[in-house]
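One structure below.
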Amino acid sequence: MYKTAVLGDRESVLGFMSAGFSVAEADNSEDAARALRRLANEDHAVIFVTEETAAMIPDEIEKYRSKPIPAVILIPGKGGSLGIGMANIKNSVERAVGADILK
0 MYKTAVLGDR ESVLGFMSAG FSVAEADNSE DAARALRRLA NEDHAVIFVT EETAAMIPDE
60 IEKYRSKPIP AVILIPGKGG SLGIGMANIK NSVERAVGAD ILK
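Number 102 marks the last residue of the sequence shown (numbering that gives the first Met the number 0); no jumps.
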């Protein structure tokens, strides 16, 4: 059975534990990349990653972009949105549709 996880700094991810999500904390790029690989190998179908953490490991996240599982979804962290998640969604929609419909 597939699971859902959240990866990011401690303050951003702790609340997700009470909702039943698997949680991985990472404060640097090495820990974040290692945690993402571990979560992907542990049958997580969806991995939410805070934008701050994603900014530290863009190459690692790119490895999962073309794979159906796990879906790596960027979410705002404790500091609010950096716009990275929305930019990724916009690029994905533009690739799928062939035009920028989310102006």
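Glycine included, C-beta positions come from ideal geometry on N, C-alpha and C.
Can the beta-carbon of residue i be found closer than 8 Å to that of residue j?
i: Leu38; j: Ala25; result: no
i: Glu59; j: Ala32; result: yes
i: Val48; j: Leu13; result: no
Note down the Cα distance separating residue i from residue j, rounded to an integer number of angstroms.
i: Glu41; j: Gly76; result: 23 Å
i: Leu35; j: Ser11; result: 16 Å
i: Tyr28; j: Glu61; result: According to the sequence shown, residue 28 is Ser rather than Tyr. Cα to Cα, Ser28 sits roughly 14 Å from Glu61.
i: Gly78; j: Arg9; result: 12 Å
Once the 5 residues before and after residue i are set aside, which same chain residues still bring their CB inside 8 Å of it?
i: Ser21; result: Lys2, Thr3, Ala4, Val5, Leu38, Glu41, His43
Among residues of its own chain, excluding the 5 on either side of residue i, which ones have a beta-carbon nearer than 6 Å to its beta-carbon?
i: Lys66; result: none
i: Ile68; result: Ala44
If I measure Cβ to Cβ from residue i and keep anything under 7 Å in the same chain, skipping five residues before and after, which residues do I get?
i: Val71; result: Ile46, Val48, Ile60, Tyr63
>> Please give me, in chain order, every unbroken run of the beta strand (DSSP E) with length at least 3 that falls completely inside the segment 4-32.
In response: 21-24
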